[in-house]
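What follows is a set of notes on a single structure, which appears directly below.
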Amino acid sequence: MKNNIIYFVLFLFFTACIKTSNTPLNLVTVMQKADSLNLLSDSATISNYTRKNLIPLFHLYNNSKKAIILKYLTKSKEKNNLLLAEELIKKNYNKINKCDLGTIELIQFYNQYSKCNKNSELSQINWNKIYEDDQMYRRLFNKYNNDPQKLDSIGRLTIKQDSINRGFVKFLIKKHTLDTILDDDCDCLASKSIFYIAQHSDMEINFRKEILEYVLKSNSYSLNNKALLIDRDLTSENKKQKFGTQLQFNSDTKKLGSSPIEDMKNLDSLRYEYNLPKLSIYLKYVNKIK
0 MKNNIIYFVL FLFFTACIKT SNTPLNLVTV MQKADSLNLL SDSATISNYT RKNLIPLFHL
60 YNNSKKAIIL KYLTKSKEKN NLLLAEELIK KNYNKINKCD LGTIELIQFY NQYSKCNKNS
120 ELSQINWNKI YEDDQMYRRL FNKYNNDPQK LDSIGRLTIK QDSINRGFVK FLIKKHTLDT
180 ILDDDCDCLA SKSIFYIAQH SDMEINFRKE ILEYVLKSNS YSLNNKALLI DRDLTSENKK
240 QKFGTQLQFN SDTKKLGSSP IEDMKNLDSL RYEYNLPKLS IYLKYVNKIK
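In numbering that gives the first Met the number 0, the protein residues as written are 0 to 289.
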């Protein structure tokens, strides 16, 4: 009788171990640890963790998470990791969201094994320059945050540049349609640039809504950019955000915190689905680099 009880307990223990190791909860936990390391540790640490803990589970994750795993794996730029990433892309490119890969190297690997249409006129557009133009003045805000006169000047230049960028993208959409532009977007730079231009369209909310409506139906956008655009649209209308991506300065704590959120209870689960780290980790990161 005693032996039977022992065997039964052991059976329950091993069953629990097997079950736990294959549940979505375990996949979430391992990935969230990687998300944290990606923000708060060095590139070698996140790459080593990914190779040891995420690569063995690679086949169990969805198309978007597969891309994130490869991005983390290659963050250290170690040759063996790049070769492994290329091999996994070769075998799984039709099961990976290209624009979630996030780096030029990985997207180039992807394009070796998939077809991407190239429109001769659209291929001449320097989307990276458009992105850099969007960021150019914004990078100066922290540098001159104690100089109100400079900040005012930078603010006006930013608004002017945003208007130029927005006008150019609207012209392209009218001429080619957004579908055509993104079908031609082999390096994911068009979707990236259009995202930032829409994100910074507080002066023309209808344009952002037009882009957002398309983005929600499209596979050409990374999930975290979708979350950012949704939250920006909500907060611009003084509504509570869904993902906690829009931040505000807390004058009491002297730290950045999140603007009001719809559902705090389920927030981190929702953030996980959209390739965002836990909010507490993200806030720790942004206040560290502030």
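Heads up, the beta-carbon is just placed ideally off N, CA and C, and yes, glycines get one too.
- Note on His199: 16 or more other CB atoms within 10 angstroms of its CB, so buried under the neighbour-count rule.
- Judged by DSSP secondary structure, Ser258 falls outside any beta strand (DSSP E); it is assigned neither H nor E.
- Each residue's CA atom was taken as its position, placing Ser235 and Gly166 some 21 Å apart.
- Apart from sequence neighbours up to five positions away, the residues of its chain that approach Phe206 with a beta-carbon distance below 8 Å are Arg165, Lys169, Ala197, Ser200, ordered along the chain.
- Annotated three-state conformation of Gln245 is coil, per DSSP.
- Distance from the CA of Asn223 to the CA of Asn127, rounded to the nearest whole angstrom, comes to 19 Å.
- With distances taken between CA atoms, Leu139 lies nearest to Gly154 out of Lys70, Gly154, Lys253.
- Take the alpha-carbon of Lys216 and the one of Gly243: they are about 21 Å apart.
- Within the stretch 77 to 101, no run of beta strand (DSSP E) reaches 3 residues while sitting entirely inside it.
- Rounded to whole angstroms, the gap between the alpha carbons of Gln31 and Gln148 is 42 Å.
- The stretch 38 to 58 and the stretch 71 to 81 touch, with no fewer than 3 CB-CB distances between them shorter than 8 Å.
- In this chain, the alpha helix (DSSP H) harbouring His175 covers 147 to 175.
- Non-local C-beta neighbours of Ser219 in its own chain, meaning closer than 7 Å and more than five positions away in sequence, comprise Cys98, Leu181, Asp184, Ser190, ordered along the chain.
- Ile124 and Tyr109 have their C-alpha atoms roughly 21 Å apart.
- Comparing alpha-carbon positions, the option among Thr28, Leu26, Ser35 lying closest to Ser279 turns out to be Ser35.
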